[in-house]
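First the structure, in the form of structure tokens, and then the observations on it.
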Amino acid sequence: MTRTIKLAVAAALAFGTTSAFATNGDHLIGLGAKSRAMGGVSIGMPFGAESGINNPALLSSVKGTQISFGGTLFAPNVKYDAKDGNGKQDSAADLNVIPEVSVGNKVGDHFFWGIGIWGTAGMGTDYRRENTQSTMNMVTALQLMQLGVPLAYEMNGFSIGFTPIVQYGALDINYNAMGTTVGEGLAQDLKLTWNAGLAYTVGALTVGAVYRAEIPMKYRGQISGATGPFAGLGILPAPFGDELTQPAEIGAGFSFKLTRNNTIAFDYKQVKWGDAKGYKQFNWKNTDVYAVGYQFEVDGYALRAGFNHGAQPIEEADGTTLEGAAINVFNLLGFPAVVENHITAGASAPLTDQLSVDLAVGYAMKTKVSFDTSALDGMMTGPSNEVTHSQLGATFQLTYDF
Numbered sequence: 321m322t323r324t325i326k327l328a329v330a331a332a333l334a335f336g337t338t339s340a341f342a343t344n345g346d347h348l349i350g351l352g353a354k355s356r357a358m359g360g361v362s363i364g365m366p367f368g369a370e371s372g373i374n375n376p377a378l379l380s381s382v383k384g385t386q387i388s389f390g391g392t393l394f395a396p397n398v399k400y401d402a403k404d405g406n407g408k409q410d411s412a413a414d415l416n417v418i419p420e421v422s423v424g425n426k427v428g429d430h431f432f433w434g435i436g437i438w439g440t441a442g443m444g445t446d447y448r449r450e451n452t453q454s455t456m457n458m459v460t461a462l463q464l465m466q467l468g469v470p471l472a473y474e475m476n477g478f479s480i481g482f483t484p485i486v487q488y489g490a491l492d493i494n495y496n497a498m499g500t501t502v503g504e505g506l507a508q509d510l511k512l513t514w515n516a517g518l519a520y521t522v523g524a525l526t527v528g529a530v531y532r533a534e535i536p537m538k539y540r541g542q543i544s545g546a547t548g549p550f551a552g553l554g555i556l557p558a559p560f561g562d563e564l565t566q567p568a569e570i571g572a573g574f575s576f577k578l579t580r581n582n583t584i585a586f587d588y589k590q591v592k593w594g595d596a597k598g599y600k601q602f603n604w605k606n607t608d609v610y611a612v613g614y615q616f617e618v619d620g621y622a623l624r625a626g627f628n629h630g631a632q633p634i635e636e637a638d639g640t641t642l643e644g645a646a647i648n649v650f651n652l653l654g655f656p657a658v659v660e661n662h663i664t665a666g667a668s669a670p671l672t673d674q675l676s677v678d679l680a681v682g683y684a685m686k687t688k689v690s691f692d693t694s695a696l697d698g699m700m701t702g703p704s705n706e707v708t709h710s711q712l713g714a715t716f717q718l719t720y721d722f
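The numbers in the numbering used here rise by one with no breaks, and the one at position 194 of the sequence shown is 514.
In structure tokens:
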């Protein structure tokens, strides 16, 4: 088992991680190929070792020892238009890799434990090649990665799980505007947090619930440095603080076996962006996320499909005021987390008696959002700020049962 853990850690570090657009705000819709193929459902749908980060109570679905490792190749397509005559500008941050490694182990009849390293969230843009006043040559990159040790206990169909987590975060914001170059290099933070979950299986039905605690991250000099020049010109009343707390989440879900081979699943969760420091300053609001998935499975082979809807969390500020217009520019130029609807599909196939391959693809449908920036018209933008955003992702994963 020690050798297995070392392999998991080495695989995750080898993948590395870059700034990535996630799809529900800055969070991935799901972690693991099986979950992502089914629209992100995971709260009431057991996926073995993958469940350690999604709902630790469902780690009880591991039969012995299981390791899964893989990654997601993510390709966001972001176009920005300041309506200032320069036309649409393309972000060059259009290809990213997100790692995922999960280990699960059954100990005795009732106890389960595991370890995992997951790239969980991120976002970013890169407008350096556009070199226009309206894009400010802006480069943003947020990266989030978690290492967790899920623990679960199961008896008579009821299971409870808990995952202590270490989260690593990195944030970098650079731009050149109004005669000022902003950027102090990458800032990093490391914080402890936890997830907890419940699950109950009776017959063909599994129900689950999960709570993910908020994570108070702080990136020294990044947000205050980026908003400082705007405060110096009187556009903002003062620089914003450097806190960027990852929000708490609460959710529930179920899966139901219609027949031996056919399963449907549904998740609901609320992401509390509006209660999180940093996001709240930038006018993000709490959002509801809905996911539905289907699986057909026979003799180790599986086909999956899903749909995910999460309302975009960015609420338009009053663009007729200087402060509101600046917030609108920062959101849609630097952190355009506006996609809402996602369609997904995937499959699994056995390669040997112990090794299987899992694949998932997902497409976030094109979303166009326009915010009022009229208070800054002629300074650095036109009367409005528009962004068009879509995403394409592919996940590859190998799963080995000892």
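Where is the CB? At the ideal position from N, CA and C, for every residue including glycine.
Query: For I775, is the classification buried or exposed, using 16 other Cβ atoms within 10 angstroms of its Cβ as the cut-off for buried?; Result: Since the first and last residues shown for the chain are 321 and 722, residue 775 lies out of range.
Query: For Q711, does the count of other Cβ atoms within 10 angstroms reach 16, so buried, or fall short, so exposed?; Result: buried
Query: Where does V658 fall in DSSP's three states?; Result: coil
Query: Kindly indicate which three-state DSSP category K383 falls into: helix, strand or coil?; Result: coil
Query: Quick one: Cα of V398 to Cα of L718, how far?; Result: 31 Å
Query: Between which residues of its own chain and L415 is the CB-CB distance below 6 Å, once the five residues before and five after are set aside?; Result: A395
Query: I need the DSSP call for R356, collapsed to helix, strand or coil.; Result: helix
Query: Span of the beta strand (DSSP E) holding V649?; Result: No beta strand (DSSP E) holds V649; the alpha helix (DSSP H) holding it covers 642 to 649.
Query: From E450 to V707, what does the alpha carbon distance come to, in whole angstroms?; Result: 15 Å
Query: Determine whether the beta carbon atoms of T460 and I493 lie at a separation below 8 Å.; Result: yes
Query: Can you tell which of S690, T715, A714, Y621 has the C-alpha that lies nearest to the C-alpha of P703?; Result: S690
Query: Taking 8 Å as the threshold (C-beta atoms), are G434 and V417 in contact?; Result: no
Query: Report back the beta-carbon spacing between T445 and L653 to the nearest angstrom; my notes put them in contact at under 8 Å.; Result: 7 Å
Query: Take Y488 and list the residues in its own chain whose beta-carbon comes closer than 6 Å to its own, dropping the five residues that flank it on each side.; Result: M465, L510
Query: At the level of alpha carbons, what is the spacing between Q508 and L564?; Result: 12 Å
Query: Pull up the distance between the alpha-carbon of D455 and that of Q632, whole angstroms please.; Result: In the sequence as presented, Asp is not what sits at residue 455; that position holds Thr. Near 22 Å, if we compare the C-alpha coordinates of Q632 and T455.
Query: Where DSSP assigns a beta bridge to E563, which residues make up the other side?; Result: K538
Query: Write down every uninterrupted run of the beta strand (DSSP E) in the stretch 548 to 634 whose length is 3 residues or greater and which is fully enclosed by it, in chain order.; Result: 569 to 577, 582 to 591, 607 to 618, 621 to 630
Query: Whose C-alpha, out of P419, Y683, T440, is nearest the C-alpha of P567?; Result: T440
Query: Quickly, what does DSSP pair D678 with across the bridge? List them, please.; Result: S668, Q717
Query: For T694, which of I663, H709, T664, A645 has the nearest alpha-carbon?; Result: A small correction: the amino acid at residue 694 is Ser; Thr does not occupy that position in the sequence shown. The residue with the shortest Cα to Cα distance from S694 is A645.
Query: Under a three-way DSSP split, which group does G639 fall into?; Result: coil
Query: On the DSSP letters alone, give me the boundaries of the beta strand (DSSP E) that I480 sits inside.; Result: 478 to 497
Query: Please name the residue or residues paired with K399 in a DSSP beta bridge.; Result: D410, T708
Query: By the 10 Å Cβ neighbour count, where 16 or more other Cβ atoms means buried, how is A412 classified, buried or exposed?; Result: exposed
Query: For the alpha helix (DSSP H) containing G372, name the first residue and the last one.; Result: 371 to 374
Query: With a threshold of 7 Å on Cβ separation, who are the neighbours of T521 within its own chain once the five nearest residues in sequence on each side are excluded?; Result: G477
Query: Across which residues does DSSP place T452 in a beta bridge pair?; Result: For T452, which the question treats as bridged, DSSP gives no partner whatsoever.
Query: Please go through the same chain and pick out, in chain order, the residues whose beta-carbon is closer than 7 Å to the beta-carbon of G594, but skip the five residues on each side of it.; Result: K600, W604, K605, N606
Query: Out of V609, K589, D346, A353, state which residue places its alpha-carbon closest to the alpha-carbon of A669.; Result: A353
Query: Given that a residue counts as buried once 16 or more other Cβ atoms are within 10 Å of its Cβ, and exposed if not, what is G545?; Result: buried
Query: Based on the DSSP secondary-structure assignment, which residues constitute the bridge partners of F432?; Result: K426, A472
Query: So is T262 buried or exposed if we call it buried at 16+ other beta carbons inside 10 Å?; Result: Since the first residue shown for the chain is 321 and the last is 722, residue 262 is missing from the structure and cannot be characterised.
Query: Quick one: measure Cβ to Cβ for A551 and S479, integer angstroms, because I've assumed they're closer than 8 Å.; Result: Not quite, the Cβ-Cβ distance comes to about 51 Å (not below 8 Å), so this is no contact.
Query: Please classify F341 as buried or exposed, where buried requires at least 16 other C-beta atoms within 10 Å of its C-beta.; Result: Low local confidence applies: a pLDDT of 46 at F341 is under 50, so the model's placement there is unreliable, and no value is given.
Query: Buried or exposed, going by whether 16 or more other CB atoms sit within 10 Å of the CB of M685?; Result: exposed
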